[in-house]
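**Student:** Structure provided below as structure tokens; questions to follow.
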Amino acid sequence: MNATINLEKHFPVLLNELVSIISPLYGGTFIDCTFGAGGYSEKILEEISNNVIALDRDNSVKRFSTKLQTKYKKRFKFYNLKFSNIDQIKDENIKAIIFDLGYSSNQISDLNRGLSFKSKGKLDMRMGLNDFSCDEVVSKMSQQSLYKIFKFFGDEKYAKPISKKIVKYRESKKINTQSLVEIIESIKKNKGGKNKSTKIFQALRIFVNREISQLINGLINAYTILPIGGVIAVVTFHSLEDKIVKFFFKEYSEIKNSSRYLPKNASPKKYFNTTKKKPIVPTSSEIKINPSSRSAKLRFAYKLENGCDFENFISNFNYLINIENLRFDV
Ligand SMILES: C[S@@+](CC[C@H](N)C(=O)[O-])C[C@H]1O[C@@H](n2cnc3c(N)ncnc32)[C@H](O)[C@@H]1O
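If you use my numbering, the sequence shown corresponds to residues 55 to 384, in order.
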């Protein structure tokens with residue numbers, strides 16, 4: 055018997071591990087910043103008696119929220135909101151804030167959204183509440199900007215020749231998903247390994263959805279609205295996301311106050327308590343059932359103090375934010 059699941063509906067990753075972290079914090083509100091198909095929210099509502107506020111920038115997932123809304127009338131609310139704006143949520147008793155980053159399998163498998171290199175049509179890639187689509191990025195950005203996006207968000211070794219070929223190609227024809235795949239494959243002709251388009255598509259998705267700025271602002275604003283004692287838990291799916299989350303928790307869970315804004319004689323503070331240095335990863339049996347969980351990493355930390363300025367965090371990743379702030383040149 056084949057134990058691999060059918061991924062028509064998104065299969066929640068590291069669900070039991072996540073629930074075991076947040077369940078001791080019963081009573082109050084949990085915020086599920088990435089509702090998706092509602093796997094986390096549903097499990098929390100079933101197993102813990104807390105209220106759940108769920109957010110998602112993709113309004114199409116609202117269809118998954120109606121069932122929970124009917125079943126758990128007073129305990130559940132859904133908002134179509136980007137998690138960078140989590141500070142718009144007014145609740146005095148937040149106990150946990152959860153992020154399960156990236157895309158749901160429902161979004162990837164919807165070929166009209168152009169998130170996957172298997173899509174046939176227009177390059178779209180918008181998750182929801184976006185300012186522009188991928189179509190505009192490939193047709194309007196300079197070669198230099200495309201190069202930076204591919205290099206820094208995709209770690210693509212062939213960022214330069216691919217960006218050059220895109221700019222040449224679009225002089226005569228419009229680029230769609232299929233032609234982008236052909237351009238990439240023509241440059242990475244004899245290279246083996248995973249799908250040749252994976253890195254470029256990842257880079258474009260990050261840029262179109264401003265995922266780095268979303269994550270950085272989401273984490274900072276989550277800290278701001280979380281009362282002391284609450285937990286922030288984040289599941290990441292690629293090394294760039296994990297690097298940001300790891301830095302955020304590590305930098306502020308150790309005593310080393312280097313902020314120039316700190317008054318003289320102020321005692322150094324730890325703003326988070328991390329009980330685990332290493333991330334939690336899926337078991338081999340979870341990976342067997344759901345192979346796309348293999349790159350997932352779960353990190354979490356408890357808030358210890360108010361007043362963190364996150365100066366080092368922001369300055370450490372400013373080079374990535376600056377790339378996300380690049381705009382069209384053509
Ligand atoms: C991996 S899925 C979450 C799956 C969910 N945990 C479940 O069990 O069904 C990620 C979801 O987060 C949403 N998302 C990604 N970035 C977001 C952001 N900046 N703000 C709000 N939602 C976001 C996506 O639209 C997607 O639905």
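Positions of the beta carbon are idealized from the N, C-alpha and C atoms, including for glycine. Quick caveat: nothing in here was measured; it's all calculated off a predicted structure.
(1) On a CA-only basis, which of 270, 333, 302 is nearest residue 326? Give me that one, please.
(2) For residue 56, count neighbouring C-beta atoms within 10 Å of its own C-beta (all shown protein chains included) and say buried if the count is 16 or more, exposed if not.
(3) With a threshold of 7 Å, establish whether the CB of residue 116 neighbours any heavy atom of ligand 1.
(4) What residues does ligand 1 have around it, judged by CB closer than 5 Å to any heavy atom, in chain order?
(5) Find the nearest neighbour of residue 201 within the set 186, 218, 277, 152, judged by alpha-carbon distance.
(6) Using DSSP with H/G/I as helix, E/B as strand and the rest coil, what is residue 335?
(7) Could you tell me the distance, in whole angstroms, from the CA atom of residue 92 to the CA atom of residue 222?
(8) Residue 18: which of 185, 227, 257, 214 sits nearest, CA to CA?
(9) Look at the alpha carbon of residue 308 and the alpha carbon of residue 324, and state the distance between them as a whole number of angstroms.
(10) Which residues in the same chain as residue 165 place their Cβ atom closer than 7 Å to its Cβ, once the five residues preceding and following it in sequence are excluded?
(11) What is the DSSP secondary structure of residue 300, reduced to helix, strand or coil?
(12) Could you pull the start and end residues of the beta strand (DSSP E) that residue 105 belongs to?
(13) Tell me which residues share the same chain as residue 334 and place their Cβ nearer than 6 Å to its Cβ, disregarding the 5 neighbours each side in the sequence.
**Tutor:** The answer reads as follows:
(1) Checked all of 270, 333, 302; the closest Cα to residue 326 is 302.
(2) Confidence at residue 56 is low in this model, with a pLDDT of 42, below 50, so the placement of that residue should be treated as unreliable; the coordinate-derived value is given next. Within a 10 Å sphere around the beta-carbon of residue 56 sit fewer than 16 other beta-carbons, which makes this residue exposed.
(3) Residue 116 has its Cβ no nearer than 7 Å to any heavy atom of ligand 1.
(4) The answer, residue by residue, is 64, 66, 88, 90, 91, 93, 94, 110, 111, 112, 136, 137, 154, 156, 158, 181, 268.
(5) Between residue 201 and the set 186, 218, 277, 152, the nearest pair of CA atoms involves 218.
(6) In this structure, residue 335 counts as coil in the three-state DSSP scheme.
(7) Rounded to the nearest angstrom, the two C-alpha atoms are 43 Å apart.
(8) Residue 18 falls outside the range modelled here, since the chain spans only 55 to 384, and no answer is possible.
(9) Whole-angstrom Cα-Cα distance: 6 Å.
(10) Closer than 7 Å at Cβ, skipping near neighbours: 172, 173, 174.
(11) Helix.
(12) Residue range 105-110 is occupied by the beta strand (DSSP E) that includes residue 105.
(13) Excluding sequence neighbours, residue 334 sits near 71, 352.
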